[in-house]
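Engineer: Got a structure for you, questions after.
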Amino acid sequence: MDAVRVENLVKRYGKIEALRGISFRIAPGELFAFLGPNGAGKTTTIRILCGLTRPTAGRAFFYEVDVFKRPVEAKKMAGLVPQTINLDLELTVAENLFIHGLLFGLSREEISRRARALLDFAELSDRKDHKVRTLSGGMRRRLLIIRALLHEPRILFLDEPTVGLDPHIRRRLWGLIKRIQQQGTTIFLTTHYIEEAEFLADRVAFIDQGRLIIEGTPQALMARLGEFAVDVVRESGLETKYFPNREEAEKFALALAEQAETVTIRRVNLEDAFVYFTGRKV
Amino acid sequence: MKGFLAVYLREILIIWHRLPRMLLSFSVSPTLYLVAFGFGLGKDLQVGGRPYLEFLIPGLVAASSMTQGFGINVEINVARFYLKVFEEFQAAPISNLAYVLGEILSGVTRALLSVSVILLITSLAGVSFSFGPAFWTGVILNAFIFAALGVTSAMVIRSHADQALVTNFIITPMAFLGGTFFPIENMPSAVQVVLKALPLTHAARLIRQAAYGEGLRWDSLAILLILAACGLFLAYRSVDRARD
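Protein chains in written order, with our numbering: chain R, 246 to 527; chain X, -5 to 238.
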């Protein structure tokens, strides 16, 4: 049984088509990432699946529960970490968690027990009684993540969870996300950071202009291009060629060395795959 | 049930964190009205055979319960457009009715707080009223109706700026014309017809008659109950519109 199954999801805002018939599946326990530029349709997909936006057409299921026909049941299975921090700044950390717990039908004892464990997990225990407005950006992000985990969702939606954070905090959050997945939670992540998708995701889907271009493991997507890339800088711009092995790449680079300004040999990365399949930069 | 409680408790916690500032702010308007219209116009001024102050205070109670009830729209707007906390409610497994009731009840709570402040201040003026169940029924119903309309308008508008238009064109005129500061019977008959259609007019009548100890005004009560049911229905239907 799939943890998430989405069939032909369409969203139109007037004449603008934000999603043009997207379909995908996520297996239980898998970390699946949507990688695409701003405006590709990543956030719209998450908003629809979490009940924040109405779809124009299509179907979606969480563990075979119809998300649009049985929204209350589906929402109980989902935890959402939105792109924008939507915490109550005037309330304390503990109060934010308590309200979330009540919204998801937890008892006072359950909230208290789970909040204690999650605050430890996110290293926020000493901030429990502080107002959220006094927390740093990184702490707010961690609080946002553990708030979404409080009701123990089977599927966690992370919409650009590290956007705007410095590299040090971003890596700390990656560790947190990996630990959440190791505990058995299915994770659907959207990002426009290539390295984030490459580091975290079991499987990646490239999304662009409302269309899902291709999906697969990062390794499989990169392997479609080859193992090595040669970047050739000419007056006309940057050109990249892909090769199955280093020998062929070196042979090509040597032949071009005198004609081009710079020739660089490197391993193929996920960005190469994105540019290759979508024809665009992330 | 827990969904309703969560929505209500969130608003109550916000009130709790802001309580001193809020109580101070609740006391400004009634004090000014009392000074300007009560004492400034003179104690000898009579309306319907009673001192004007006795006429004015129940009107202030009606107007304040309306504005504070409707004022929940500001909190919802901040939660929706600025803090984005509204999305937390949308993503939670709660019904629209639970959300609406939680917000309306918090509007009623704010109204009760503001009315208590008014009554405390006006008690210093030496005016005594009857504060029986009829009085509080009028206050609560009035606050309920306008809190429901506050939720509806907060769900329907597309930006925070639009909310000011609703307040300026509907709530402020009603606060002045709904039988709060003068008897609407003094107005031309054609205008009276319009003013009698305002919910605040009936709330002011009900609250004033109860405050005078003259019992429950059944016709106004019936109208307010119908309006409360309509308000609840509108608020309930409007929540889905907030999903884009």
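All residues carry an ideal CB built from backbone N, CA and C; glycine is no exception.
Kindly identify the DSSP beta-bridge partner or partners of K486 of chain R.
Structural biologist: Per DSSP, R:V475.
Engineer: Pull up the distance between the alpha-carbon of M60 of chain X and that of A141 of chain X, whole angstroms please.
Structural biologist: Approximately 8 Å, taken between the alpha carbons.
Engineer: In this structure, how does DSSP classify N341 of chain R when only helix, strand and coil are distinguished?
Structural biologist: It is helical.
Engineer: Given that V317 of chain R touches chain X, what residues does it touch there, using C-beta distances under 7 Å?
Structural biologist: What V317 of chain R touches in chain X: P87.
Engineer: Which residues of the region 502 to 523 of chain R have a Cβ closer than 9 Å to any Cβ of chain X? Give them in chain order.
Structural biologist: Listed in sequence order: no entries.
Engineer: Name the chain X residues whose beta carbon is nearer than 7 Å to that of E335 of chain R?
Structural biologist: Residues of chain X passing the Cβ test: I8 and H11.
Engineer: Apart from the five residues on each side of it in sequence, which residues of its chain come closer than 6 Å, Cβ to Cβ, to R511 of chain R?
Structural biologist: Hits under 6 Å: A474.
Engineer: Can you pull the chain X residues whose beta carbon is under 7 Å from the beta carbon of K321 of chain R, in chain order?
Structural biologist: Those within 7 Å of K321 of chain R in chain X are P87.
Engineer: Which of the three DSSP states is assigned to Q40 of chain X in this structure?
Structural biologist: Three-state result, Q40 of chain X: strand.
Engineer: Below 7 Å CB to CB, which residues in the same chain sit around G126 of chain X once its five sequence neighbours on both sides are set aside?
Structural biologist: Correct list, in chain order: A204.
Engineer: What ranges does the beta strand (DSSP E) occupy inside the region 297 to 346 of chain R, keeping only unbroken runs of at least 3 residues that lie completely in it?
Structural biologist: As far as the region 297 to 346 of chain R is concerned, its whole beta strand (DSSP E) runs of at least 3 residues are 302 to 307 and 323 to 326.
Engineer: Consider the Cβ of I344 of chain R: report whether some Cβ of chain X lies at a distance smaller than 8 Å.
Structural biologist: At least one chain X Cβ lies under 8 Å of I344 of chain R.
Engineer: Considering only residues of the same chain and omitting the five flanking positions on each side of D528 of chain R, which have a CB-CB separation below 8 Å?
Structural biologist: Chain R is shown only over 246 to 527; residue 528 of chain R falls outside these bounds and no answer can be derived.
Engineer: The region 288 to 307 of chain R: which residues have C-beta closer than 9 Å to a C-beta of chain X, in chain order?
Structural biologist: Residues R292, C295, G296, L297, T298 and R299.
Engineer: Which residues share a DSSP beta bridge with G(-3) of chain X?
Structural biologist: Paired residue(s): none; G(-3) of chain X is not in a bridge.
Engineer: DSSP on N180 of chain X, reduced to helix/strand/coil?
Structural biologist: It is helical.
Engineer: What are the residues in the region 53 to 82 of chain X lying within 9 Å of chain R by C-beta distance?
Structural biologist: The residues in question are A73, L77, K78, V79, F80, E81 and E82.
Engineer: Using a Cβ-based criterion (distance less than 7 Å to any ligand heavy atom), does N341 of chain R qualify as near the ligand MG?
Structural biologist: Among the components modelled here there is no ligand, and therefore nothing to report on the ligand MG.
Engineer: On the DSSP bridge assignment, give the partners of F451 of chain R in chain order.
Structural biologist: F451 of chain R pairs with R:L280 and R:I459.
Engineer: Alpha carbons only, please: which of R:D447, R:L403 and R:A494 is nearest the one belonging to L515 of chain R?
Structural biologist: Out of R:D447, R:L403 and R:A494, R:D447 has the C-alpha closest to the C-alpha of L515 of chain R.
Engineer: G63 of chain X: which of X:F138, X:V111 and X:P182 sits nearest, CA to CA?
Structural biologist: For G63 of chain X, the nearest C-alpha among the options comes from X:F138.
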